[in-house]
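Numbering (the numbering used here), first residue to last: 2 to 116.
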């Protein structure tokens, strides 16, 4: 074989391998586990026709401030919760507000409970 024939064969092989590699399906990214944050309900209120819930995060939250206010899109979502109750929640930034996306009852945070 001539040098030109070898070079052509190598280029053709590289193109075939590159095309085969490009057509292999990419693995789907691993699904992230849903993580709930524990807190204690401080208040549920309405302001400017919008519903809000104020939650006090547990110790070790890593934030310099631990009482946060979240917008509630569905008032029925927080209807059963009263101040002092322990909750677990998920929130997301929607528009320009922190918005509650999931809320469920949970045991109270021991450090916040009175003895």
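Heads up, the beta-carbon is just placed ideally off N, CA and C, and yes, glycines get one too.
Report buried or exposed for residue i, applying the criterion of at least 16 other Cβ atoms within 10 angstroms of its Cβ.
i, result
"residue 40", "buried"
"residue 116", "Confidence at residue 116 is low in this model, with a pLDDT of 49, below 50, so the placement of that residue is unreliable and no value is reported for it."
"residue 90", "buried"
"residue 108", "exposed"
Report, in whole angstroms, the separation of the C-beta atoms of residue i and residue j, which I expect to be a contact under 8 angstroms.
i, j, result
"residue 55", "residue 62", "Not quite, the Cβ-Cβ distance comes to about 15 angstroms (not below 8 angstroms), so this is no contact."
"residue 88", "residue 42", "6 angstroms"
"residue 67", "residue 101", "The pair is not a contact, with the Cβ atoms about 16 angstroms apart (cut-off 8 angstroms)."
"residue 38", "residue 58", "7 angstroms"
"residue 52", "residue 76", "5 angstroms"
"residue 92", "residue 99", "5 angstroms"
According to DSSP, residue i sits in a beta bridge with which residue or residues?
i, result
"residue 92", "101"
"residue 72", "53 and 100"
"residue 87", "41"
"residue 106", "88"
I'd like to confirm something about residue i: is its beta-carbon nearer than 7 angstroms to some heavy atom of the ligand FMN, or not?
i, result
"residue 75", "Absence of the ligand FMN is noted for the structure shown, with no ligands found whatsoever."
Spatial neighbours of residue i within its chain, please: C-beta separation below 8 angstroms, excluding the five flanking residues on both sides.
i, result
"residue 78", "101 and 104"
Got a sec? Which residues, its chain only, sit under 6 angstroms from residue i by beta carbon, not counting five neighbours each side?
i, result
"residue 49", "none"
"residue 46", "53"
"residue 30", "none"
> Quick one: complete beta strand (DSSP E) runs, 3+ long, within the region 29 to 69?
Replying inline: Qualifying beta strand (DSSP E) stretches, in chain order: 38 to 48 and 51 to 58.
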